[in-house]
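Protein chains in written order, with this note's numbering: chain A, 27 to 411; chain B, 27 to 411. Glycine residues also receive a C-beta, built at the ideal position from the N, C-alpha and C atoms. These figures come from a predicted structure and were not determined experimentally.
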């Protein structure tokens with residue numbers, strides 16, 4: 027297996043792109059990433075997308091996007107792992123280049139959620155990440171499922187709703203420095219508490235917004251990266267793990283076993299532990315998800331994820347900065363694209379190009395993307411070159 | 027890259043499985059394939075599926091199936107490339123094992139189409155393989171799109187509707203010898219001509235049926251295959267190519283460029299040409315698709331694909347036997363599973379286990395799976411060991 031680096035990144039602004047279609051968003055990100063790498067084509071294209079079938083009545087999106095991006099003929103397939111689809115596409119791109127199958131690979135995550143007619147449709151589409159027969163069919167949306175987890179967490183650990191506010195405050199503070207963020211403005215703890223409830227105890231301010239967007243990266247073997255760019259960033263770990271999709275089948279609903287497994291596999295591959303990670307792009311689809319992911323990855327003990335946020339350790343100058351460009355909550359969460367946005371942001375940080383959001387001396391960055399309520403978890407660790 | 031072999035196969039009967047869900051069908055095929063290989067687990071699972079989101083309101087199917095099949099924790103993602111999703115999953119499994127990432131891989135194709143409410147829904151779901159904005163939105167189903175191709179083919183080459191009958195007669199004849207086939211009974215040329223038209227000139231008898239089913243294979247490096255089985259079959263080529271999804275954007279609608287490209291890449295990788303292939307599992311979603319695929323892969327000159335069938339060269343004892351276990355038309359076409367069914371049948375042939383359908387002395391077998399009207403084509407070449 028060859029060592030793999032990222033040699034180009036591209037992203038669209040995250041938001042409601044009423045004037046752009048799925049293929050247009052993806053093409054914008056792909057051409058930006060290829061442009062950075064100084065390439066016109068690559069050997070293979072992997073597209074991460076979750077919802078285009080339900081929302082846009084369009085499958086076969088990898089071929090569709092390849093053609094529109096001027097890559098006709100290229101090997102291209104779509105990969106889906108619910109909200110972690112973008113990270114799954116990166117995993118495939120990594121394997122393709124590491125194996126020698128491809129010398130260059132494009133990985134693109136894209137989602138067009140505003141094509142869903144009404145929020146009910148978008149919510150139903152997202153619920154496809156849950157167990158359709160045993161959860162969604164009974165009316166459980168993803169927000170409702172995570173509300174069960176949050177309520178249980180509050181009960182088990184004596185935590186209050188307001189204790190989750192620091193996650194949201196931190197994410198919005200960081201989004202202000204990200205020109206691609208959907209909500210680049212600050213939020214106060216008071217505003218957090220006043221937000222309307224979606225599924226008690228989850229409010230709008232606990233929940234990442236529906237959004238459109240696309241992000242892309244270009245990969246090549248590390249020993250050739252200098253031919254393309256001086257800003258290459260190495261992928262030193264890539265790991266996927268799964269768990270029961272339905273919460274009721276898990277041994278312990280408050281422990282994300284797939285998140286734990288994929289983090290452990292990534293740590294092992296990279297030869298590092300959580301103490302050595304300089305920043306962590308966490309999957310904060312809901313504030314409770316951020317807390318559980320921090321715990322599963324070893325950044326906090328069980329029940330202490332929320333404390334980490336309260337103590338300011340997740341800020342840009344804290345022990346483990348998270349959501350450094352706004353996270354899912356404030357950069358926005360175009361689901362199938364999110365896993366690639368996290369990687370684009372890590373590359374910005376590890377290149378020292380994160381502007382006012384720069385994490386000082388960042389050398390090792392980690393991203394974890396989670397599908398459903400934890401049925402899939404995908405972890406990548408990147409290193410500055 | 028390591029040499030890769032198939033060490034286990036599994037399949038459910040193709041048909042209307044009203045009593046079984048998506049996860050049950052997939053698990054049945056996976057456990058059968060693992061059982062053949064004498065394995066309880068593998069390192070990675072790739073699931074090929076196209077329609078579960080639209081038809082069953084279920085995405086995240088790789089984690090779902092992994093859990094149900096007793097593989098909790100395993101690396102698992104779904105891959106989608108329209109009707110060639112199953113073949114795309116095999117491609118990923120091949121790369122995972124060839125690269126050294128995985129020592130064992132499970133590849134499963136699965137589709138549950140009878141969960142669609144009414145044939146209109148199934149037809150709309152399938153139309154997601156076409157260009158949603160420029161084709162499907164205007165009412166063009168896949169049958170209608172292929173009817174345009176068939177009509178043009180008849181016009182260009184002076185071919186009549188009845189000239190396509192030999193494809194259907196051959197497929198049904200072979201299905202009679204396949205216990206997993208959906209329609210294991212013969213069809214006469216007269217019955218072919220009497221079938222109701224779906225989209226003139228395409229009739230029910232030109233068209234593969236909607237179906238449920240799952241097929242699976244287990245892969246490992248060839249140098250370890252003997253540890254698991256004496257019936258290993260090598261994968262000596264694996265190639266994916268894409269083209270414009272919309273027909274109107276192609277240089278020549280009667281030439282499947284992706285099919286040509288992926289076949290050429292496969293021939294090059296295997297170091298063989300069409301003359302050396304002993305049997306060909308063709309993507310006969312429609313009779314016209316079979317003709318165009320035969321031509322693109324070099325088994326017939328342009329406009330001569332239909333003649334090949336008329337001259338009996340596609341029969342089990344012909345020059346290039348196709349649909350040897352019934353093909354999409356008569357084995358049935360559970361879309362996301364079909365690409366893996368083709369591989370399971372090739373393995374049966376190359377092991378000499380195809381019973382009354384055995385192609386004498388079969389040593390090299392090829393399968394091609396096509397997404398949409400040709401936007402994706404995936405070709406594999408297998409060799410008996």
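Spell out whether any CB of chain B is found under 9 Å from the CB atom of residue i.
i                      : result
residue 93 of chain A  : yes
residue 98 of chain A  : yes
residue 198 of chain A : no
residue 68 of chain A  : no
residue 330 of chain A : no
residue 53 of chain A  : no
residue 125 of chain A : yes
Check whether the Cβ atoms of residue i and residue j sit closer than 9 Å, and answer yes or no.
i                      : j                      : result
residue 319 of chain A : residue 113 of chain A : no
residue 244 of chain B : residue 133 of chain B : yes
residue 265 of chain B : residue 291 of chain B : yes
residue 215 of chain B : residue 188 of chain B : yes
residue 357 of chain A : residue 148 of chain A : no
residue 384 of chain B : residue 35 of chain B  : no
residue 105 of chain B : residue 115 of chain B : yes
residue 40 of chain A  : residue 360 of chain A : yes
residue 402 of chain B : residue 284 of chain B : yes
residue 77 of chain A  : residue 139 of chain A : yes
residue 308 of chain B : residue 353 of chain B : yes
Hey, quick one: how far does the alpha helix (DSSP H) through residue i stretch, first residue to last?
i                      : result
residue 180 of chain B : 168 to 183
residue 420 of chain B : Outside the shown range of chain B, which is 27 to 411, sits residue 420 of chain B, and nothing can be said about it.
residue 361 of chain B : 361 to 376
residue 260 of chain B : Careful: residue 260 of chain B lies outside any alpha helix (DSSP H), inside the beta strand (DSSP E) at 259 to 268.
residue 160 of chain A : Residue 160 of chain A -> no alpha helix (DSSP H), and no H or E assigned at all.
residue 296 of chain A : 283 to 296
Between the C-alpha atoms of residue i and residue j, what's the straight-line distance to the nearest angstrom?
i                      : j                      : result
residue 129 of chain B : residue 251 of chain B : 11 Å
residue 184 of chain A : residue 177 of chain A : 10 Å
residue 88 of chain A  : residue 143 of chain B : 27 Å
residue 193 of chain B : residue 220 of chain B : 16 Å
residue 286 of chain A : residue 270 of chain A : 14 Å
residue 141 of chain A : residue 37 of chain A  : 20 Å
residue 3 of chain B   : residue 33 of chain A  : Because residue 3 of chain B is not part of the residues shown, which for chain B are 27 to 411, the question remains open.
residue 158 of chain A : residue 110 of chain A : 18 Å
residue 224 of chain B : residue 167 of chain A : 39 Å
residue 95 of chain B  : residue 50 of chain B  : 8 Å
residue 171 of chain B : residue 165 of chain B : 10 Å
residue 276 of chain A : residue 86 of chain A  : 33 Å
residue 381 of chain A : residue 155 of chain A : 35 Å
residue 261 of chain B : residue 351 of chain A : 45 Å
Closest to residue i by C-alpha separation, out of the options, would be which residue?
i                      : options                    : result
residue 313 of chain A : A/275, A/154, A/399        : A/399
residue 92 of chain B  : B/111, B/127, B/54, B/123  : B/54
residue 377 of chain B : B/258, B/285, B/276        : B/258
residue 66 of chain A  : A/300, A/56, A/75, A/73    : A/56
residue 217 of chain A : A/229, A/206, A/224        : A/229
residue 101 of chain A : B/107, B/49, B/328         : B/107
residue 392 of chain A : A/338, A/337, A/296        : A/296
residue 339 of chain B : B/305, B/372, B/359, B/362 : B/305
residue 131 of chain B : B/138, B/206, B/63, B/380  : B/63
residue 175 of chain B : B/138, B/281, B/98, B/238  : B/281
residue 84 of chain A  : B/234, B/151, B/410        : B/151
residue 74 of chain B  : B/46, B/43, B/136, B/125   : B/136
residue 201 of chain A : A/302, A/45, A/341, A/29   : A/341
Compare the C-beta of residue i with all C-beta atoms of chain A and state if any pair is closer than 9 Å.
i                      : result
residue 156 of chain B : yes
residue 27 of chain B  : yes
residue 130 of chain B : no
residue 250 of chain B : no
residue 76 of chain B  : yes
residue 86 of chain B  : yes
Along the chain, where does the beta strand (DSSP E) that runs through residue i open and close?
i                      : result
residue 247 of chain B : 239 to 247
residue 345 of chain B : No beta strand (DSSP E) contains residue 345 of chain B, which DSSP labels as neither H nor E.
residue 32 of chain A  : 30 to 37
residue 305 of chain A : 305 to 307
residue 219 of chain A : It is not in any beta strand (DSSP E) - residue 219 of chain A instead sits in the alpha helix (DSSP H) that spans 215 to 220.
residue 403 of chain A : 402 to 410
residue 131 of chain B : 131 to 137
Does the beta carbon of residue i fall short of 8 Å from some heavy atom of the ligand NAP?
i                      : result
residue 276 of chain A : Among the ligands in the structure shown, none appear at all, so the ligand NAP cannot be discussed.
Would a check of beta-carbon distances place residue i closer than 9 Å to chain C?
i                      : result
residue 117 of chain A : Within the model displayed, chain C is absent; protein chains A and B are what it includes.
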